[in-house]
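Participant: Here the sequence shown is numbered in our numbering, starting from 31 and rising by one per residue.
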Amino acid sequence: MSQVIQVGRRKQAVARVFVNESGAGKIQINQRELTTYFPQELLQMKVMEPFRVLDINASQFDITVNVDGGGINGQAEAIRLGISRALMIFTPDFRPPLKKAGLVTRDSRRVERKKPGKRKARKSTQFSKR
31 MSQVIQVGRR KQAVARVFVN ESGAGKIQIN QRELTTYFPQ ELLQMKVMEP
81 FRVLDINASQ FDITVNVDGG GINGQAEAIR LGISRALMIF TPDFRPPLKK
131 AGLVTRDSRR VERKKPGKRK ARKSTQFSKR
């Protein structure tokens, strides 16, 4: 099993993650390097979090990602979920530490829709008694 394909989702973002077991540690997101696609260090840390939790070197794997939809934070978290799922397929022993860190569960929270007569989903206009 040299390549694993997994999907990660968060809000509106969908990430298809291709992980090659024998690689040079190259991470490409939409044909761009990780540092150019996510210039903020916090988002880079979110993507690399499964490797940090497992205490393994990311240079053992080549990761190619096609991500679409959502914002940059949702995309980073979708990629993180896809990488976590792929690593669990390579080695089932990785599941307990990833689950303890909360990287296995899909975050299903979405933006609540706007209701008629309201300014936002729940925000109302200011109430005036007189």
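Glycine is no exception: its CB is placed at the ideal position from the N, C-alpha and C atoms.
Check whether the region 137–145 and the region 49–65 are in contact - that is, three or more C-beta pairs closer than 8 Å.
Facilitator: Short answer: they don't touch.
Participant: Taking the Cβ atom as the reference point for each residue, do Val95 and Ile59 lie within a distance shorter than 8 Å?
Facilitator: The residue given as residue 95 occupies position 65 in the sequence shown. The residue given as residue 59 occupies position 29 in the sequence shown. Contact flag set, yes.
Participant: For Leu73 and Ala106, which I take to be in contact (beta-carbon distance under 8 Å), what is that distance rounded to the nearest angstrom?
Facilitator: For the purposes of this step, residue 73 is taken as the residue at position 43 of the sequence shown. For the purposes of this step, residue 106 is taken as the residue at position 76 of the sequence shown. The pair is a contact, with the Cβ atoms about 4 Å apart (cut-off 8 Å).
Participant: Alpha carbon to alpha carbon, how far is Lys148 from Asp98?
Facilitator: Along the sequence shown, read from residue 1 onward, the residue named residue 148 stands at position 118. Along the sequence shown, read from residue 1 onward, the residue named residue 98 stands at position 68. Roughly 31 Å separates the two Cα atoms.
Participant: So the candidates are Pro69, Gln70, Arg143, Phe81; which of them puts its Cα closest to the Cα of Val49?
Facilitator: Start at 1 with the first residue of the sequence shown, and residue 49 comes out as number 19. The shortest C-alpha separation from Val49 is found at Phe81.
Participant: Per DSSP, what kind of secondary structure is Val134 in: helix, strand or coil?
Facilitator: Locating residue 134 in the sequence shown gives position 104, where the first residue counts as 1. Coil at Val134, not helix or strand.
Participant: Could you pull out every unbroken alpha helix (DSSP H) segment of at least 4 residues lying fully inside the region 104–135, listed in chain order?
Facilitator: Counting whole runs of 4 or more residues, the region 104–135 contains the alpha helix (DSSP H) stretches 125–130.
Participant: DSSP state of Thr94, grouped into three classes?
Facilitator: For the purposes of this step, residue 94 is taken as the residue at position 64 of the sequence shown. Thr94: strand per DSSP, three-state reduction.
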